[in-house]
Each structure stands twice: as structure tokens, then as C-alpha cells.
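Going by the working numbering, the sequence shown opens with residue 224, and the numbers climb by one from there.
The C-beta atom is built at its ideal place from N, Cα and C for all residues, glycine as well.
Here's the structure, in C-alpha cells; my notes come after.
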Amino acid sequence: MMDRIWVAACAELEQSVGPNNYNHWIKPLRLTGIEDGAARLVSPTRFISDWVNRHFAKDIVAVLNRAGAEVERLRFEVGQAARPSAQSAPVSTAEAAPAPTTRAPRADLGAPLDPRYTFANFIVGKPNELAHAAARRVAEGGPVGFNPLFLYGGVGLGKTHLMHAIAHDYQTRHSSAQVLYLSAEQFMYRFVQALRESTIMDFKGMFRNVNMLMVDDVQFIAGKDSTQEEFFHTFNALVDQGKQIVISADRAPAEIKGLEERIKSRLSCGLIVDLHPTTYELRLGILQSKTEVFRAQHPDLEIGTGVLEFLAHRISTNVRVLEGALQRLFAHASLLRREITLEVAQECLADILRTNDRKVSIDDIQRKVAEHYNIRLADLIGPKRARNVARPRQIAMYLSKQMTSRSLPEIGRRFGGRDHTTIMHGVRKVEELITDDSSLAEDIAVLKRMLEA
């Protein structure tokens, strides 16, 4: 009887709370009996029972009543509940609070997945083809050959898109698997909350019993000693169990200042993939893909010849700015019922185009200098002091000071966390050399022309 009621209730709950919330919170529960209007549910941990009691009690009571039970409240016990047992006494109870007048916000340990971020709408090009291939491999499941997968790169290059795509694809292939995606900031918040509420063992149990852990923007735990300690042990526990970990950051592990060396070492044991700045061809492909999606919804959309090519050439900062510009044009065309011509694009996007005209980023400078001198970008930013790396690094520092509005401390942070005095020394050294070394002066002039093109 209890099994029949609970199966019917779970089917409805999965639809109402969503598969992610259902798999994390409802699925681990078992209905073991109903006495005096109280439904007795067994949970594997107190942490889960408390969370369900706070966020889903009203939903569970409602669906149980619709399934034929007469329930007014929930009672939880912690333990094993493989089979229903109407005679079992509760180990510990947590009476459900009276239903509030407004619905409590539904939350999860992790962040919600964006349904737009899938492999199907991720545009692949040379700057991201390795990251895409690695993400696809992880999403398949099974023995991967590298753990963790560490994705890094600047803003708007597709790190978060790939992480969401991995989670979506992995859950589709392995419906019973537990995938936990969250930001490093959320990990820290959950850890602090568990310390404050004395539920640290439940926290450990929750994070160390997932099939895949995905942590976005891991650089934000740098300098947070206690959080780093817990992250380190969680990382080791999952790797020892053969569970997959996917991490993202804005720079390589070795370049994250304030991150413990042992964590840098663990992160470096897997596959580290750099998402490079977009090329013209990749930006054009993204614009064409977004336009096709919009055209499917608005068949009367008209875009003049050369508009997408113009945008791909002029807006090169990051994909988010590019997509925002295109969305603005779509809105303009839809609301005013006008064709998107080159003149309309220039008028509508004047502010964005002006910003991109005058903006050269430190990332652009570092990449161009590394390409010009045929050295690795990681070496240019890293600690190497060999002359073939040190001189290009000083040139990149000089150009960053000359061509951007960034302060010396900001430039220092982008060059592997160097002190502002180091940047000042590099700038002065290049200024001195330019007057005597015509070859160096010519190199810098060429680099400036390429960056301003």
C-alpha cells in the first residue's frame, strides 16, 4: 500500500519540482508509514531531511493526499529504508512546520542548469575544439583517462556553456546519476552554512556521494583557507572513488594566486584546456547560428548583406557582447518592423562599436605578443625568466600600459600576480631599449598596428 502511494506521489513530484531537485532531494526518501495524519519518511541523512522539510514539505503533503493518503504533516527519520516498515520507530524526527502563506523558494545545493547551454548549440572552432572534444568525452561517462577536466579562459569564451552541456548530456545518458553543478562561491556558502548549523558530516556526505562534481570559477576559493581544506578533501575523496570532476577558472591552476600548492598540484593532474579568444570565423559562425534560431521564430526577419560579417569583425571582445549586440538588433527589427541593414546596425549599436574601437584588452596584447615571438602564452604569463620569454613579457607589459587604461596593479595581476613594481620595471626597461634598438622599436610598432587593426 505504502509503495503504491509513494510511487504515484514521486511521479507527480518529479514533474512539479523538476528532475534535478527530484534526484537530489526526493528520490533518496522512502515512505514507511502513515500514522495520525503524519507521513513517516526515511532519509539517508539529516541534512536531506531538513532541506526537504524546509523546501518541499507542502508539495509532498499535497501529492500524498492526491494519491489517496490522508496526510497533514511529515515526520522524518534518518536511516536505511530499503523496504517500508509500518512498525519502525523514528530515530530522529523533524516535524514539518505549518505551510506558509507564500511558497518557500525552491533551492538546490547546486545551481540550476540553463536549458540553452547544450552541445547542440555550441559553435566549435579552432579556439575551442579541444575543450569541446574533452567535454564531449566526459559527458559520455565511463573511463575517461583524465580527472579532473580543467577548463580555463577569459570572460565569454564558453566555459560555462560547456559545463552545462556536460551536465545535460551526462544526465540524459545516465538518468540515475547524481550530477552536482555549482560555483566555487556556492560551495563556500554551503560549507559555511554547514559549519554554522553543525551539519558538516551531512555536507561531506552530500558532496562526496555524487557521480560528477562540477565547480565553476574555482579561483574564488583562493585565499579562503577552510574552504580550500574542505575542497581538497572532497576532491581527493571523489577521485579515489573514480568519480568525475570538472572545474573551470579564468586562468590556469598554476596562475591562481592564493590557491594552495597541493590544490594546484591536484588540479594539474588531469587535463587542462585553454579556451582561446575567438577568431573571426568562429564569431561569424555564432552569429549565423543565433540568426537561424531567431528566423525560425520570426520568419519575416530580414538581414542585409554583410551585417553579420561587419559584427564579427568589429565586436571581438567576447561572445556575450557579440550575442547581446545581435539580440539588440533583433529587438529593433521586431519592434520597428525594419530590415536590419548595415546602416541600421551602425546606428543601433553605436555605443558598443565605439567601445570596441577604443578597447584593446590585456588578453589581446598577451596573445599577439606570444604569437609574434612564437612562445607559449602560459610561459609569457608564468614564472619563467629565460631571455627569450622575459623580453617579450616586458614588451607585453609595456603595451598593456600604453594601450589600455588598466593600472599597474591590475596589469600585474594579469601577468601571473606580479607586483606593480615589476610591471613598472618592465615598462621602463622597454622605454630605454626602444631609443637604441631599432629592431625592437619596429617590433613594437608592428604589434601596435596589429592590435589596432
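**For V469, three-class secondary structure by DSSP** = Strand.
**Item:** Option in H595, S628, F533, L600 with minimal Cα separation from L663
**Value:** It is H595.
**Message:** Let me make sure I understand the geometry here. Which of G379, G364, A400 has the alpha-carbon closest to that of Y245?
**Reply:** Restricting attention to G379, G364, A400, the CA atom closest to the CA of Y245 is found in A400.
**Message:** In whole angstroms, give me the CA-to-CA distance for A285 and L336.
**Reply:** Between the alpha carbons of A285 and L336 lies a gap of roughly 27 Å.
**Request:** Could you work out which residue in A417, K607, K652, V347 is closest to Q511 when comparing CA atoms only?
**Result:** Answer by Cα proximity: V347.
**Prompt:** In terms of alpha-carbon separation, which member of M429, P251, S266, K591 lies closest to R672?
**Reply:** Measuring from the Cα of R672, the nearest candidate turns out to be K591.
**Request:** Could you round the C-beta distance between M620 and I646 to whole angstroms and report it? I think they count as a contact, below 8 Å.
**Result:** The C-beta distance from M620 to I646 rounds to 5 Å, short enough to fall under 8 Å.
**Message:** Can you tell me whether S311 is helix, strand or coil according to DSSP?
**Reply:** Unreliable positioning characterises S311 in this predicted model, as indicated by a pLDDT of 33, which lies under 50. A coordinate reading is not provided.
**Prompt:** Which word fits Y503, buried or exposed, when buried means at least 16 other C-beta atoms lie within 10 angstroms of its C-beta?
**Reply:** By the 10 Å Cβ count, Y503 comes out exposed.
**Request:** Measure how close the beta-carbons of V301 and S266 come, nearest whole angstrom, since I'm counting them as under 8 Å.
**Result:** Indeed they touch by this definition, with Cβ atoms about 6 Å apart.
**Prompt:** Residue range of the beta strand (DSSP E) that V402 falls in?
**Reply:** First-last of the beta strand (DSSP E) with V402: 402-406.
**Message:** Let me make sure I understand the geometry here. Which of T658, L670, L524, R360 has the alpha-carbon closest to that of Q588?
**Reply:** In the sequence under discussion, the amino acid at residue 588 is Ile, which differs from the Gln named in the question. Comparing Cα positions, the closest option is L670.
**Prompt:** Exposed or buried, what is S471 when buried is set at 16 or more other beta-carbons lying within 10 Å of its beta-carbon?
**Reply:** A buried status is given to S471, since no fewer than 16 other beta-carbon atoms sit within 10 Å of its beta-carbon.
**Prompt:** What three-state label does DSSP hand E363 in the structure shown?
**Reply:** If DSSP states are grouped into helix, strand and coil, E363 belongs with the helices.
**Prompt:** Taking all protein chains shown into account, do 16 or more other C-beta atoms lie within 10 angstroms of the C-beta of G467, making it buried, or fewer, making it exposed?
**Reply:** Residue identity differs from the one stated: residue 467 is Gln in this sequence, not Gly. Sixteen is the threshold: when 16 or more other Cβ atoms of the shown chains lie within 10 Å of the Cβ of Q467, as they do, the residue is buried.
**Request:** Within its chain, find whatever has a CB closer than 8 Å to the CB of A417; leave out the 5 residues flanking it on each side and keep chain order.
**Result:** Hits under 8 Å: F270, I423, D425, F426.
**Asked** Which same chain residues, not among the five before or five after I228, have their C-beta less than 7 Å away from its C-beta?
**Response** Leaving aside the five residues that flank I228 on each side, the residues in its chain whose CB is nearer than 7 Å to its CB run, in chain order, L254, L287, A290, G291, A292.
**Message:** Less than 7 Å between C-beta atoms, sequence neighbours within five positions excluded: which residues of the same chain meet that for S398?
**Reply:** The answer is none, since no qualifying residue turns up.
**Message:** Please report the straight-line C-alpha distance between L674 and L565, rounded to a whole angstrom.
**Reply:** Their Cα atoms are separated by approximately 24 Å.
**Buried or exposed by the 16-neighbour rule on C-beta atoms within 10 Å, applied to V240** = Buried.
**Item:** Whole-angstrom distance between V516 and F533, CA atom to CA atom
**Value:** If you draw a straight line from the Cα of F533 to the Cα of V516, it comes to about 20 Å.
**Item:** Closest by C-alpha distance to D440, when choosing among I479, R298, V462, F455
**Value:** Comparing Cα-Cα distances from D440 to each of I479, R298, V462, F455, the minimum goes to I479.
**Residue range of the unbroken beta strand (DSSP E) whose run includes Y375** = Here the beta strand (DSSP E) through Y375 covers 372-375.
**Prompt:** Assuming L405 and A358 make a contact with CB atoms under 8 Å, what is their CB distance in whole Å?
**Reply:** Going by Cβ atoms, the distance from L405 to A358 rounds to 18 Å, so no, they are not a contact pair.
**Selected residue, minimal CA-CA separation from V653, among S630, R485, K624, R641** = Among S630, R485, K624, R641, the Cα nearest to that of V653 belongs to K624.
**Message:** Please identify the residue among D259, Q409, I257, W274 whose C-alpha is closest to the C-alpha of T251.
**Reply:** The residue you asked about is not Thr; residue 251 is Pro in the sequence shown. The shortest Cα separation from P251 among D259, Q409, I257, W274 belongs to W274.
**Item:** Length of the line joining the Cα atoms of V731 and D497
**Value:** Past the edges of the chain, shown from 224 to 676, lies residue 731, and the structure says nothing about it.
**Prompt:** Can you pull the DSSP bridge partners for F299?
**Reply:** F299 pairs with L264.
**Item:** 8 Å contact criterion, which P350 and H499 should meet: CB distance rounded
**Value:** About 4 Å separates the two Cβ atoms, so the contact holds.
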